[in-house]
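Engineer: Those sequence lines, one after another, are chains A, B, C and D. Just so it is clear: in the first sequence, position 172 is 172 by our numbering, and no numbers are missing. Just so it is clear: in the second sequence, position 171 is 171 by our numbering, and no numbers are missing. Just so it is clear: in the third sequence, position 369 is 369 by our numbering, and no numbers are missing. Just so it is clear: in the fourth sequence, position 121 is 121 by our numbering, and no numbers are missing.
Protein chains: 4
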Amino acid sequence: MTNTVRLNPVGSMSQLSQLEMNLLEQSTTDDMYQIFRNCCLAVLNSGVEQDDAEALFETYKNFNVKLARKERGVKIELINPPQNAFVDGKLIAGVHEHLFAVLRDMLYMSSKHNAQFDSAKHRIRTPTPANIATHVVFDMLRHSDALGSTEPANMIVCWGGHSIPVEEYKYTKAVGYQIGLRGMNICTGCGPGAMKGPMKGAAIGHAKQRVKTGRYLGITEPSIIAAEPPNAIVNELIIMPDIEKRLEAFVRISHGIVVFPGGVGTAEELLYLLGLLLDEKNKDQKIPLILTGPASRKDYFEAIDDFVGATLGKEAQSMYQIITGDASKVGSALNIAQEEVLEYRRKVGDSYSFNWTLHIPEDFQQTFIPTHESMKALDLSLEQPISSLAANLRKCFSGIVAGNVKAEGIEEIKRHGPFELHGDASLMRKMDVLLASFVKQGRMKLNGAPYEPCYVINVPDAES
Amino acid sequence: MTNTVRLNPVGSMSQLSQLEMNLLEQSTTDDMYQIFRNCCLAVLNSGVEQDDAEALFETYKNFNVKLARKERGVKIELINPPQNAFVDGKLIAGVHEHLFAVLRDMLYMSSKHNAQFDSAKHRIRTPTPANIATHVVFDMLRHSDALGSTEPANMIVCWGGHSIPVEEYKYTKAVGYQIGLRGMNICTGCGPGAMKGPMKGAAIGHAKQRVKTGRYLGITEPSIIAAEPPNAIVNELIIMPDIEKRLEAFVRISHGIVVFPGGVGTAEELLYLLGLLLDEKNKDQKIPLILTGPASRKDYFEAIDDFVGATLGKEAQSMYQIITGDASKVGSALNIAQEEVLEYRRKVGDSYSFNWTLHIPEDFQQTFIPTHESMKALDLSLEQPISSLAANLRKCFSGIVAGNVKAEGIEEIKRHGPFELHGDASLMRKMDVLLASFVKQGRMKLNGAPYEPCYVINVPDAES
Amino acid sequence: MTNTVRLNPVGSMSQLSQLEMNLLEQSTTDDMYQIFRNCCLAVLNSGVEQDDAEALFETYKNFNVKLARKERGVKIELINPPQNAFVDGKLIAGVHEHLFAVLRDMLYMSSKHNAQFDSAKHRIRTPTPANIATHVVFDMLRHSDALGSTEPANMIVCWGGHSIPVEEYKYTKAVGYQIGLRGMNICTGCGPGAMKGPMKGAAIGHAKQRVKTGRYLGITEPSIIAAEPPNAIVNELIIMPDIEKRLEAFVRISHGIVVFPGGVGTAEELLYLLGLLLDEKNKDQKIPLILTGPASRKDYFEAIDDFVGATLGKEAQSMYQIITGDASKVGSALNIAQEEVLEYRRKVGDSYSFNWTLHIPEDFQQTFIPTHESMKALDLSLEQPISSLAANLRKCFSGIVAGNVKAEGIEEIKRHGPFELHGDASLMRKMDVLLASFVKQGRMKLNGAPYEPCYVINVPDAES
Amino acid sequence: MTNTVRLNPVGSMSQLSQLEMNLLEQSTTDDMYQIFRNCCLAVLNSGVEQDDAEALFETYKNFNVKLARKERGVKIELINPPQNAFVDGKLIAGVHEHLFAVLRDMLYMSSKHNAQFDSAKHRIRTPTPANIATHVVFDMLRHSDALGSTEPANMIVCWGGHSIPVEEYKYTKAVGYQIGLRGMNICTGCGPGAMKGPMKGAAIGHAKQRVKTGRYLGITEPSIIAAEPPNAIVNELIIMPDIEKRLEAFVRISHGIVVFPGGVGTAEELLYLLGLLLDEKNKDQKIPLILTGPASRKDYFEAIDDFVGATLGKEAQSMYQIITGDASKVGSALNIAQEEVLEYRRKVGDSYSFNWTLHIPEDFQQTFIPTHESMKALDLSLEQPISSLAANLRKCFSGIVAGNVKAEGIEEIKRHGPFELHGDASLMRKMDVLLASFVKQGRMKLNGAPYEPCYVINVPDAES
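1. Beta-carbon of C:Arg215 versus every beta-carbon of chain B: anything under 8 Å?
2. Name the DSSP bridge partner or partners of A:Tyr455?
3. Could you check what DSSP says for D:Phe438 in three-state terms: helix, strand or coil?
4. Give me, in chain order, the residues of the same chain whose beta-carbon lies closer than 6 Å to that of B:Val247; leave out the 5 immediate sequence neighbours on both sides.
5. Assuming D:Leu389 contacts D:Thr311 (C-beta within less than 8 Å), just tell me the rounded distance between them.
6. Run through DSSP, which three-state label would B:Asp242 get?
7. List the residues of chain A whose Cβ lies closer than 7 Å to the Cβ of B:Ser17, in chain order.
8. Using the beta-carbon count (16 or more within 10 Å), is B:Asp139 buried or exposed?
9. CB-CB under 6 Å to D:Ser353, same chain, minus the five flanking residues each way: which ones, in chain order?
10. Does the distance from the C-beta atom of B:Leu358 to that of B:Val251 stay below 8 Å?
11. When the Cα of D:Ala68 is compared with those of C:Glu373, C:Leu421, C:Leu378, C:Gly349, which residue comes out closest?
12. What is the rounded straight-line gap between the Cα of A:Gln15 and the Cα of B:Met184?
13. Going by beta carbon distance, what residues of the same chain come within less than 7 Å of C:Pro473, once the five residues before and after it are set aside?
14. Determine the DSSP secondary structure at D:Thr4, reduced to helix, strand or coil.
15. Counting only Cβ-Cβ distances shorter than 8 Å, please list the residues of the region 381-395 of chain C near chain B, keeping chain order.
16. Short of 6 Å in beta carbon distance, which residues of its chain neighbour B:Ile322, apart from the five on each side in sequence? Order them along the chain.
17. Along the region 333-357 of chain A, what residues have a CB closer than 8 Å to any CB found in chain B?
18. Give the residues of chain A in contact with B:Arg69, contact being defined as C-beta atoms less than 9 Å apart.
19. Using only alpha-carbon positions, find the residue among A:Ile204, A:Leu393, A:Glu228, A:Ile164 that is nearest to A:Lys440.
20. From this set, D:Lys298, D:Lys196, D:Glu71, which residue's C-alpha is nearest D:Asn231's C-alpha?
21. Any idea what DSSP makes of A:Val10, helix, strand or coil?
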């Protein structure tokens with residue numbers, strides 16, 4: 001029996017033109033429609049702790065989505081939707097909004113920024129030229145009303161694992177609570193774990209402070225959304241075209257960044273940011289960066305710190321502060337830093353809501369598509385400029401994330417076996433140690449089954 | 001001495017990207033910048049009763065406008081602005097908003113719809129292809145948030161002269177008051193006279209009814225804005241690319257139309273609408289249309305009615321109701337009609353806020369550029385389908401408006417003398433009578449000086 | 001046939017207890033109910049230009065009002081209401097609110113401040129003890145939420161005639177417009193004429209400045225409301241127990257006062273204020289006071305100025321500024337004065353929204369009930385302290401207002417003939433001249449019929 | 001060193017008259033001031049898990065509070081406040097609001113309802129006459145704006161222990177979450193434990209449903225507030241004069257009641273409600289009543305159910321539903337019941353926001369002051385009407401609560417030893433069993449020390 005749910009329009013794209021309707025006309029062969037449908041499915045999967053996109057798509061093969069123009073605007077019709085996001089038969093309002101956010105961003109990518117979709121690979125076919133990447137990031141954020149206010153948003157970006165133990169999860173809530181108590185907002189990659197905890201905590205902090213305009217901003221991308229479906233607390237959901245623009249959105253919209261324990265995705269994010277901050281042109285930037293976790297996770301951060309020290313050097317290590325077991329101290333440190341962040345923006349005449357003056361080298365902006373070739377070709381030697389090494393390490397971790405949880409990557413690995421990584425022996429060993437620790441701590445995947453690595457690390461013979 | 005005023009950003013385009021800033025960089029040679037500057041100047045001229053664009057531009061030759069990105073968003077800097085819109089040295093908030101509306105719409109035309117500007121002619125260089133005209137109209141309205149609400153807007157479009165005697169002006173206020181008392185909103189071409197009175201009246205009606213969300217929507221175009229600067233009550237200002245899209249916006253957004261006495265512009269609007277309604281595909285459309293004025297203007301409407309009867313026939317006459325000297329009856333009639341308008345939208349599943357099902361033939365959508373050739377070439381014979389005649393009469397009046405008040409048209413006339421109009425003798429005579437009556441009643445121009453026609457009507461010899 | 005209209009509750013008193021319902025139970029013998037009913041009738045008479053309370057009550061003898069408790073709160077049921085305030089059969093929202101304001105204030109007077117009503121005289125039976133008068137005024141204003149904001153209200157009190165010629169009325173609109181353009185609010189006695197014009201003008205000014213929170217505060221009293229029914233623009237209506245508390249409310253809530261041409265009521269208000277300002281304890285007070293009218297009313301203000309000079313002296317004359325024919329100058333002067341008003345409040349730690357530090361001598365606070373005795377007993381000699389003279393003149397004019405338009409006063413005059421006034425010959429002559437000019441200019445009554453004075457002025461023989 | 005914090009006014013009582021300021025003038029001898037000060041101290045103790053009022057007062061002996069009138073309204077000055085409620089030196093906004101709620105309610109009790117305070121006993125000296133009790137309850141709720149909306153509030157009252165184990169606390173959060181997900185609101189006695197958990201859960205549920213107007217209503221009384229300080233999520237705090245009016249407020253404002261495991265206070269609440277529902281006049285009332293706890297608490301509810309059955313009988317048992325271990329089922333049951341609650345209110349024409357038609361017998365309204373005499377005198381025999389037995393049992397439990405946590409009660413017990421309870425042997429034994437189980441489960445007091453009963457149960461000899 002077919003179960004159909006009709007949703008009233010919400011948000012700025014509640015009215016669509018015929019041209020736009022045509023773009024998303026249900027059609028099993030059309031790439032854009034397929035990705036739109038899958039993103040909707042992912043959003044509806046809110047609250048389910050599962051990071052296997054393929055399994056999700058398999059389970060809901062008979063799910064479908066249609067648009068219908070009505071007197072009050074366009075309606076989204078869901079056919080055979082998953083039931084998790086329904087309460088007494090009614091879709092949770094937050095999830096309802098997320099569906100219209102998917103619609104909004106997919107249409108805008110396509111009609112304003114000419115994105116072409118590749119549904120087989122669940123991504124955009126045509127990479128954005130680097131020279132307009134920042135404009136696209138900005139325009140997507142503005143169009144989704146994420147830059148609207150003229151007041152400083154005090155947006156704290158929280159990075160960390162989607163698959164984390166209860167103790168760490170509680171700690172992310174505690175930190176979020178302290179951030180919320182100080183009137184600051186939260187932005188994450190919008191999945192479970194460290195991407196959900198801080199928002200939950202901040203919601204309570206905001207309630208106590210009577211902050212009714214608290215922002216829980218989730219920034220995702222079509223290729224990851226199914227693995228990390230946005231939780232319903234996210235009250236602003238934005239779908240960026242690819243991981244590079246997602247990372248750029250994180251750093252340009254932030255007024256402070258917190259890194260919780262996580263796996264390769266978190267490592268990718270940290271290396272991306274450190275790579276930028278090491279750039280000479282960014283030496284005056286003010287971006288408070290705190291690595292934090294429960295008191296018991298001291299070792300974890302020492303391992304990360306060692307890896308950074310051994311690869312990017314002391315300067316990189318000086319760019320963050322490690323705090324363990326003290327959520328209130330994290331909140332205070334971020335709060336105090338806000339003044340100098342805003343002072344800097346004022347001084348250089350930069351926007352409070354979008355950090356234009358942060359320089360992002362092309363190497364960090366260009367779309368990296370992880371394939372067996374591109375992964376193999378990565379230069380992972382220590383004999384290169386530090387910024388370049390950071391960029392390559394970032395890409396390397398990005399590829400592993402894809403191999404772990406992105407539909408496209410999983411497919412590739414299934415077909416051709418694990419990615420091969422090449423590089424200096426000493427660097428390769430360090431990576432091996434770091435990645436092995438992530439595996440051991442269960443940070444790679446959610447399901448709890450033994451993890452099968454999607455990569456092999458080749459330590460050069462010469463050094464063996 | 002230079003007088004510089006810096007304006008804080010308001011509205012959805014308060015943040016701009018570098019690419020966008022570059023588009024509007026001050027440059028005396030750039031077409032887009034020139035038109036932007038002129039539109040700003042026109043907006044600042046709010047409240048001045050003057051419809052001579054050239055005189056305005058001449059007076060404020062040393063006026064300039066710049067953009068500057070600051071921490072709270074982009075600022076508009078006005079250099080040597082006219083002082084009319086300032087109160088105790090502070091710009092009126094409504095005018096302030098209008099400047100940002102100009103910025104928003106000019107950028108959007110350019111960056112989303114690829115408009116290229118021709119500053120010498122004060123218009124867009126590249127006409128929109130007819131097949132996407134409706135999409136552009138819709139997208140411009142949506143982008144300016146004019147379609148946002150899912151509630152029926154009950155938007156009453158008021159047409160009428162910009163140059164009208166006090167008695168008529170008071171009557172437009174009275175009708176606006178009755179419309180506002182019934183909770184309906186007002187949309188006009190946003191200049192003085194019949195475009196301002198209904199808004200002023202409605203503002204009082206809304207105040208009495210505690211309607212805080214009253215809408216006073218002004219739809220203009222770059223080539224007319226200087227002659228008919230938006231009054232500050234307009235709380236939504238939209239600049240459409242050209243008159244054809246402006247007319248389309250009026251009719252698609254309306255839930256009822258009132259025509260007050262006016263000159264050729266008003267005649268153009270009326271003929272445009274009658275042309276559409278006569279189309280077979282629109283026979284089920286519900287668009288209440290009321291021609292109204294003070295009791296003393298009975299003759300005026302009889303003349304109009306005669307002209308319509310003689311040219312478009314009885315069917316056309318049956319599409320409107322003429323009410324004189326009874327503002328309250330106008331309000332009631334519109335109010336009562338709302339139910340069937342909404343009923344129709346529900347029945348056909350059309351949007352409450354944009355009349356998609358209204359068919360607009362290509363002939364009405366295509367940009368008509370009035371030149372001596374195009375005006376001369378107009379087929380003004382009675383031997384053609386009525387819809388086609390309506391389209392041509394519309395263009396003819398449109399050309400006369402241009403010759404009267406648009407910078408481009410005035411320039412053409414100055415250079416090459418009046419437009420020549422050709423057609424059937426009987427039709428030409430009727431036009432002559434109608435136009436002569438407009439001249440006599442002072443409806444052509446504001447300044448009060450004797451009117452010098454920008455046209456000559458050639459009555460064919462055969463019939464002389 | 002009975003026509004019954006049921007009104008949904010609005011405002012803070014939308015829920016009533018059984019005890020409160022009982023207080024207002026329909027009962028032809030109960031004083032409070034009678035006054036409540038009459039005030040409702042007066043409010044429903046909004047927009048009618050008539051100041052004869054008796055005629056109004058006579059016309060709507062079969063009007064009745066009932067309360068009914070329903071699931072969404074208490075409903076007011078109107079039986080056979082006047083139709084002026086209905087639009088297409090629906091009560092104007094502003095008038096709807098006013099009815100609930102009447103309910104709120106009548107109940108609060110009674111239940112919190114123990115007011116007992118005397119319906120025969122259409123006033124409160126038990127005068128408030130002077131020592132708590134200020135508390136009552138304050139508490140009534142706070143309860144009606146007129147003091148809510150912590151921001152300065154920039155409340156401009158406008159006094160002036162209810163019966164004025166068109167030219168003066170237009171001028172009051174122009175001044176209101178200039179006040180509204182500067183973001184200031186309007187408070188009046190809430191009837192027609194100079195009490196309505198400034199609000200109408202300010203509503204347009206506020207619309208242009210996008211002020212959505214514009215306040216149009218009307219302060220009335222049970223005994224005058226029928227003669228001066230609140231216009232529907234009034235968005236905060238407050239019913240004070242008596243004229244003395246109404247005057248106190250005006251001056252304590254104001255941040256500036258404008259006096260337009262008017263009759264005896266206006267003279268009463270001006271003398272009240274001058275009497276206060278002449279008090280030694282108020283010498284540091286900042287209350288900008290402007291007497292203004294069209295350019296053609298220069299003579300009028302000269303006459304007033306002369307009378308003030310001759311009675312209260314030069315010091316009193318120095319307390320106001322006379323501006324004629326320049327609405328914009330009035331707006332500017334008030335705007336500029338705001339800074340020092342607020343500076344004074346800050347300095348003495350007084351509330352922005354209620355002028356506690358203004359000293360009001362008991363003589364000005366005590367309820368004065370005009371009867372033939374009390375009027376005759378007034379000491380109108382120049383041989384008394386100026387403050388005392390001001391108080392007595394205030395009472396004298398107050399009595400004449402009652403005799404002109406208050407139900408109770410009209411009744412008294414009908415029964416016992418005009419009030420006799422006694423005093424110094426020179427003062428009596430000046431009064432005679434002033435009052436005669438009011439009569440001649442038609443400022444006493446609205447109806448246009450020849451005015452029959454409700455007073456006789458006795459000039460002592462000795463001086464004849 | 002003195003630490004002084006000045007708080008800006010918030011809420012409806014941000015402006016005070018001089019008379020009101022005088023009432024609360026700092027004065028160590030004045031009863032009202034003392035209670036005001038203590039309530040402020042209690043509110044500032046938000047978040048501290050401590051239910052010993054005396055200990056609190058002892059710790060903060062040098063705490064003081066003053067009022068100061070400033071230009072923006074009255075400021076509250078705190079001298080040496082506890083630091084728990086401050087974040088980075090700034091008072092939590094929720095607590096800030098609570099202080100002004102205390103001010104508002106204390107003043108209103110005193111000035112409107114003539115309450116006289118007895119600071120030695122930390123309560124009101126003069127009990128309200130029963131005939132106006134409901135009016136007072138209503139008026140206090142309305143004045144604090146708790147009845148404002150005309151929409152059904154769907155207010156779910158949650159009762160349960162302030163001292164509960166973690167497992168139960170988590171369950172209260174889960175139930176609150178399910179209630180919030182369904183858009184319903186929460187009202188509790190506003191302390192820790194089962195009074196805080198449901199609000200926290202609902203806050204997350206509301207966030208997911210984009211409910212920005214979620215209500216977390218806390219109703220307390222001067223004599224309990226110190227033992228059960230309101231948590232900062234409470235966004236509407238109301239201080240009722242005594243426990244009887246607090247109970248009446250709970251039941252009249254509710255649209256459904258949830259009882260979590262608790263101690264004697266919870267038992268008091270349950271018996272109060274059952275007593276009312278057993279009254280013949282309330283037989284048509286619709287008040288969904290659910291007893292719920294974690295799956296592991298089945299025994300607890302069986303014990304309660306037995307006690308109710310043995311004392312009040314089967315009919316009483318039929319008035320509630322027991323659900324264990326299924327928060328979602330609790331949410332659904334309440335949600336479904338709302339329709340019939342509202343239907344009933346509509347049918348009888350009762351307010352959605354205050355259940356006027358619920359009959360509360362005088363015996364339940366009259367203030368019961370627990371003393372050694374009054375407790376001893378309680379008729380706890382089974383030989384009396386059930387409603388009367390319920391009333392007496394309610395009083396009995398109320399006395400034990402006082403002896404446990406209210407300042408006054410603790411003092412009495414300290415001076416005169418435990419309260420003696422007399423009654424039928426079988427009833428006494430049942431009470432003994434029930435109370436002993438509360439003691440054993442640690443539900444009497446928070447501190448964890450062995451509980452010393454404030455009562456002795458006398459089982460009659462005859463039956464021994």
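Ideal placement from N, C-alpha and C gives every residue a C-beta, glycine not left out. These figures come from a predicted structure and were not determined experimentally.
Structural biologist: By the coordinates alone:
1. Within the third sequence, the letter at position 215 stands for residue 215 of chain C. Output row for C:Arg215: interface = no.
2. By one-based count along the first sequence, residue 455 of chain A stands at place 455. Paired residues: A:Phe419.
3. Along the fourth sequence, read from residue 1 onward, the residue named residue 438 of chain D stands at position 438. In the three-state DSSP reduction, D:Phe438 falls in the helix class (H, G or I).
4. Position 247 of the second sequence holds residue 247 of chain B. According to the sequence provided, residue 247 of chain B is Leu. The question's Val does not apply to it. Once the five neighbours on either side are set aside, the close Cβ partners of B:Leu247 are Tyr272.
5. As a working mapping, residue 389 of chain D is identified with position 389 in the fourth sequence. As a working mapping, residue 311 of chain D is identified with position 311 in the fourth sequence. That belief holds up - the Cβ atoms of D:Leu389 and D:Thr311 are roughly 6 Å apart, short of 8 Å.
6. Within the second sequence, numbered from 1, the residue matching residue 242 of chain B stands at position 242. It is coil, neither helix nor strand.
7. Against the second sequence, residue 17 of chain B aligns to sequence position 17. Within chain A, the C-beta atoms nearer than 7 Å to that of B:Ser17 come from His135, Phe138, Asp139, in chain order.
8. Numbered from 1 along the second sequence, position 139 holds the residue referred to as residue 139 of chain B. Buried, because 16 or more other Cβ atoms sit within 10 Å of the Cβ of B:Asp139.
9. The sequence position of residue 353 of chain D within the fourth sequence is 353, counting from 1. Closer than 6 Å at the Cβ level, and outside the excluded window around D:Ser353, lie Leu147, Ala153.
10. Looking up residue 358 of chain B in the second sequence gives position 358. Looking up residue 251 of chain B in the second sequence gives position 251. In this structure, B:Val251 lies closer than 8 Å to B:Leu358 by Cβ.
11. Here the question's residue 68 of chain D lines up with position 68 in the fourth sequence. Nearest option by C-alpha distance: C:Gly349.
12. Along the first sequence, one-based indexing puts residue 15 of chain A at 15. Along the second sequence, one-based indexing puts residue 184 of chain B at 184. Answer to the nearest angstrom: the Cα atoms are 21 Å apart.
13. As displayed, chain C neither begins before 1 nor continues past 464, which places residue 473 of chain C out of reach and without an answer.
14. Within the fourth sequence, numbered from 1, the residue matching residue 4 of chain D stands at position 4. Three-state DSSP puts D:Thr4 in a strand.
15. Cβ contacts with chain B: none found.
16. Residue 322 of chain B sits at position 322 when you count from the first residue of the second sequence. These residues qualify, in order along the chain: Leu291, Phe301.
17. Flagged, chain order: Leu342, Arg345, Arg346, Gly349, Asp350, Ser351, Tyr352, Ser353, Phe354, Trp356.
18. Position 69 of the second sequence, counting from 1, holds the residue named residue 69 of chain B. Going along chain A in sequence order, the residues near B:Arg69 (Cβ under 9 Å) are Gly349, Asp350, Ser351, Trp356.
19. As a first step, residue 440 of chain A is located in the first sequence; it is residue number 440 there, counting from the start. With respect to the C-alpha of A:Lys440, the residue from A:Ile204, A:Leu393, A:Glu228, A:Ile164 having the closest C-alpha is A:Ile164.
20. In the fourth sequence, counting from the first residue as 1, residue 231 of chain D sits at position 231. If we check each option's Cα against that of D:Asn231, D:Lys196 comes out closest.
21. Within the first sequence, the letter at position 10 stands for residue 10 of chain A. It is coil, neither helix nor strand.
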